[in-house]
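To start, the structure under review is shown below, and the notes come after it.
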Amino acid sequence: MKNVLVIKSSILAANSQSNQLVDFFKSKISANITERDVGANPLPYYDLNAASGTRGEPQNDVQKQALALSNELIAQVNANDVLVFGVPMYNLGVPAQLKTYIDYLNRAGVTFRYTANGPEGLITGKKAVVILTHGGIYKDGPADLVKLYMQTVLNFIGITDIEFVYAEGIGHGPEAIAKAQAAAKVELERIAKII
Ligand SMILES: Cc1cc2nc3c(=O)[nH]c(=O)nc-3n(C[C@H](O)[C@H](O)[C@H](O)COP(=O)(O)O)c2cc1C
9 MKNVLVIKSS
19 ILAANSQSNQ
29 LVDFFKSKIS
39 ANITERDVGA
49 NPLPYYDLNA
59 ASGTRGEPQN
69 DVQKQALALS
79 NELIAQVNAN
89 DVLVFGVPMY
99 NLGVPAQLKT
109 YIDYLNRAGV
119 TFRYTANGPE
129 GLITGKKAVV
139 ILTHGGIYKD
149 GPADLVKLYM
159 QTVLNFIGIT
169 DIEFVYAEGI
179 GHGPEAIAKA
189 QAAAKVELER
199 IAKII
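Add 8 to the 1-based position in the sequence shown for the numbering used here, that's all there is to it.
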């Protein structure tokens, strides 16, 4: 049985469209599922202490805690075969809470390394499912920025096998939401069979 790590990042709790889709996907797979909800339980902001602790030798307890947290998050990713991200678009980017998670995850020499040929991802052999929720319609256009960011940052650490699922037009009213949810669920059912 596959080990699946689910990462939710919406700030909207029960009203979250991405959380609902992540939960739907969970209900369709038979796997050992671990869930981390950084929207409901945010990680400490990635600041000077976090950068010092994770990019050099920690000099104080706060920096040691930051390094321990980063190690824990990376170990959790390494312990799973599939990563499922619920990713809302907020102000044309990912939620700050998800950005913080990624800040702790991206570590030179640990999750990627610099080589003569450029950076190389060290988290290999994983599959990712990224569920994108947008108030507007951006798929394949110049402002499809959350997809581009998630693709680039996951590729950067070595995760290249990625399925993207969109639920768009969430800001266009209940009918549009129902349509977006239904279309996303069709895709998620397909992916549930192949992970
Ligand atoms: C703070 C905030 C900022 C948002 N910014 C955008 C945006 O820039 N573009 C967009 O299309 N939708 C935007 N939306 C709408 C969300 O993308 C939409 O509500 C989506 O359902 C969010 O996912 P969630 O329900 O899982 O939180 C924003 C919503 C919030 C709460």
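A virtual CB, placed ideally from N, CA and C, is assigned to each residue, including glycine.
Predicted model, so just to flag it, every value in this text is computed and none were measured.
Looking only at C-alpha atoms, which of the options sits nearest to residue i?
i    : options                : result
N88  : A104, K72, T160, A39   : A39
L20  : Y109, A192, G177, P96  : P96
N49  : K16, I37, F32, I178    : K16
Y53  : F172, G143, S78        : S78
Q84  : N27, S35, R44          : R44
R115 : L156, G166, E195, V102 : G166
N86  : A136, I37, G47, Q159   : A136
L8   : K201, P182, N163       : Given that the chain is displayed from residue 9 to residue 203, the structure contains no residue 8 and the question cannot be resolved.
L56  : A192, I41, F172, D111  : D111
V46  : T108, Y98, R198, Q67   : T108
I203 : T132, A22, N27, F33    : F33
F120 : I41, I82, A59, N68     : I82
T168 : A59, A58, G133, D69    : G133
S26  : A124, V161, T123, Y98  : Y98
If residue i and residue j are in contact, beta carbons under 8 Å, what's the gap, nearest whole angstrom?
i    : j    : result
T141 : A175 : 5 Å
G126 : S18  : Incorrect: roughly 34 Å between the Cβ atoms, too far for contact.
Q189 : L51  : With a Cβ gap of about 28 Å, Q189 and L51 do not count as contacting.
L91  : L156 : Incorrect: roughly 18 Å between the Cβ atoms, too far for contact.
I145 : Q159 : Wrong, their Cβ atoms sit about 19 Å apart, outside the cutoff.
L196 : K10  : Not a contact, Cβ separation roughly 15 Å.
V173 : A192 : 5 Å
Any idea what DSSP makes of residue i, helix, strand or coil?
i    : result
D31  : helix
D89  : coil
L196 : helix
I19  : coil
L5   : No answer is possible for residue 5: the residues shown for the chain start at 9 and end at 203.
Just to confirm, is the Cβ distance from residue i to residue j under 8 Å?
i    : j    : result
L100 : V118 : no
G64  : A74  : no
A186 : G177 : no
V138 : V102 : no
G143 : G179 : yes
| Contained alpha helix (DSSP H) runs [length at least 4] in the stretch 102-186, N- to C-terminal order | If we require 4 residues or more, the alpha helix (DSSP H) runs fully inside the stretch 102-186 come out as 104-113, 153-164.
| task | Report the residue ranges of all beta strand (DSSP E) runs contained in full by the stretch 35-71; include only those spanning at least 3 residues, in chain order. | result | The stretch 35-71 contains these whole beta strand (DSSP E) runs: 40-45.
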